[in-house]
Amino acid sequence: MIMDETVETGQWRIARAPEVLHANGLGSCVAVCLYASGQQLGALGHLMLPGERGQTGSGDLDRFVASAIRRMVEALSEAGVEPGSLVAKIAGGGNLFENENQTLISGIGSRNARSARQILTLLGIPVLAEDIGGNRERSVSFDLASGEMIVYCASDNLKQTF
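Going by numbering that gives the first Met the number 0, the sequence shown opens with residue 0, and the numbers climb by one from there.
And the structure:
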């Protein structure tokens, strides 16, 4: 029986096949899928702020892209995933706010995506696929049986599999 679980904003989950994890309503947030194919084990983070928690000194650790990815990798390692066997897929990081002024939220989507790429590179985790940027809202399903990241864009009536 396939189990579905929704990962809320600022959270992440680890799961094993046949589970499917979902992140809905990705605007500037990024969904980061980490996967160990040989074990059909992975994690999905629905992450909302760039960088590490220590850089800003506020908020929940799992809301920050780099901090959450580090914790996801640690948890997968504790679950038996061997170093070097993880791959990543990323979606989201859009700019849904058309604001000419430089505000706190200006460019946060691209900064989230950049932060995800940087920490994954630092950790030696290759990014196999990404659907980032633009001005559309996305939702993601992450199938732990296949490792597929399915991206839905309601505004375009678009569904892509990575």
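The C-beta atom is built at its ideal place from N, Cα and C for all residues, glycine as well.
Can you check which of these residues, Gln10, Leu127 and Ser154, is closest to Leu60 by C-alpha distance? Here residue 60 refers to the residue found at position 61 when the sequence shown is read from its first residue. Out of Gln10, Leu127 and Ser154, Gln10 has the C-alpha closest to the C-alpha of Leu60.
Mark Met47 as exposed unless 16 or more other C-beta atoms lie within 10 angstroms of its C-beta, in which case mark it buried. Counting from one through the sequence shown, the residue named residue 47 turns up at place 48. Flag for Met47 reads buried.
Could you pull out every unbroken beta strand (DSSP E) segment of at least 3 residues lying fully inside the segment 70 to 132, listed in chain order? Every beta strand (DSSP E) of 3 residues or more that sits fully in the segment 70 to 132 is shown, in chain order, as 86 to 91 and 126 to 131.
Please report how far the alpha carbon of Leu85 lies from the alpha carbon of Glu51, in whole angstroms. Here the question's residue 85 lines up with position 86 in the sequence shown. Here the question's residue 51 lines up with position 52 in the sequence shown. When the Cα atoms are used, Leu85 and Glu51 turn out to be separated by approximately 21 Å.
Which term fits Met71, buried or exposed, when burial requires 16 or more other beta carbons within 10 angstroms of its beta carbon? Along the sequence shown, one-based indexing puts residue 71 at 72. Its Cβ being crowded by 16 or more others within 10 Å, Met71 is buried.
Would you call Ile107 buried or exposed, if buried means 16 or more other Cβ atoms sit within 10 Å of its Cβ? Taking the sequence shown and counting its residues from 1, one reaches residue 107 at position 108. Taking a 10 Å sphere around the C-beta of Ile107, we find 16 or more other C-beta atoms and assign the residue as buried.
Going by DSSP, which residues form a beta bridge with Gln159? Along the sequence shown, read from residue 1 onward, the residue named residue 159 stands at position 160. DSSP, once it has assigned bridges, lists Val150 as partnering Gln159.
So for Ala65, helix, strand or coil by DSSP? Taking the sequence shown and counting its residues from 1, the one referred to as residue 65 is at position 66. Judged by DSSP in its simplified three-state form, Ala65 adopts helix.
Once DSSP output is grouped into helix, strand and coil, what is the label at Gln38? Locating residue 38 in the sequence shown gives position 39, where the first residue counts as 1. DSSP places Gln38 in helix when its eight states are reduced to three.
Are at least three pairs of beta-carbons, each pair with one atom in the segment 136 to 147 and one in the segment 110 to 117, less than 8 Å apart? Contact between the segment 136 to 147 and the segment 110 to 117 is absent, because fewer than three Cβ pairs lie under 8 Å.
Write down the C-beta distance between Leu143 and Gly26 rounded to the nearest angstrom, noting that I regard them as a contact closer than 8 Å. The residue you call residue 143 lines up with position 144 of the sequence shown. The residue you call residue 26 lines up with position 27 of the sequence shown. With a Cβ gap of about 25 Å, Leu143 and Gly26 do not count as contacting.
Measuring CB to CB, does Ile1 end up less than 7 Å from Ile68? Reading the sequence shown from its first residue, position 2 is the one you call residue 1. Reading the sequence shown from its first residue, position 69 is the one you call residue 68. With respect to Ile68, Ile1 sits apart: the two C-beta atoms are not nearer than 7 Å.
How many angstroms separate the CA atom of Ala22 from the CA atom of Gly37? In the sequence shown, the residue the question calls residue 22 occupies position 23. In the sequence shown, the residue the question calls residue 37 occupies position 38. Counting only the Cα atoms, Gly37 lies some 24 Å from Ala22.
Which whole-angstrom value describes the C-beta separation of Ala14 and Gly91, a residue pair presumed to lie in contact below a C-beta threshold of 8 Å? Position 15 of the sequence shown, counting from 1, holds the residue named residue 14. Position 92 of the sequence shown, counting from 1, holds the residue named residue 91. With a Cβ gap of about 19 Å, Ala14 and Gly91 do not count as contacting.
Given a cut-off of 7 Å on the beta-carbon distance, is the pair Lys88 and Leu127 in contact? As a working note, residue 88 is residue 89 in the sequence shown. As a working note, residue 127 is residue 128 in the sequence shown. Closer than 7 Å, so yes.
Taking all protein chains shown into account, decide if Pro82 is buried (16 or more other Cβ within 10 angstroms of its Cβ) or exposed. Against the sequence shown, residue 82 aligns to sequence position 83. Counting of Cβ neighbours within 10 angstroms places Pro82 among the exposed residues, the total staying below 16.
Smallest Cα separation from Phe161: which of Cys152, Gly24, Glu18 and Glu147? Here residue 161 refers to the residue found at position 162 of the sequence shown. Nearest option by C-alpha distance: Glu147.
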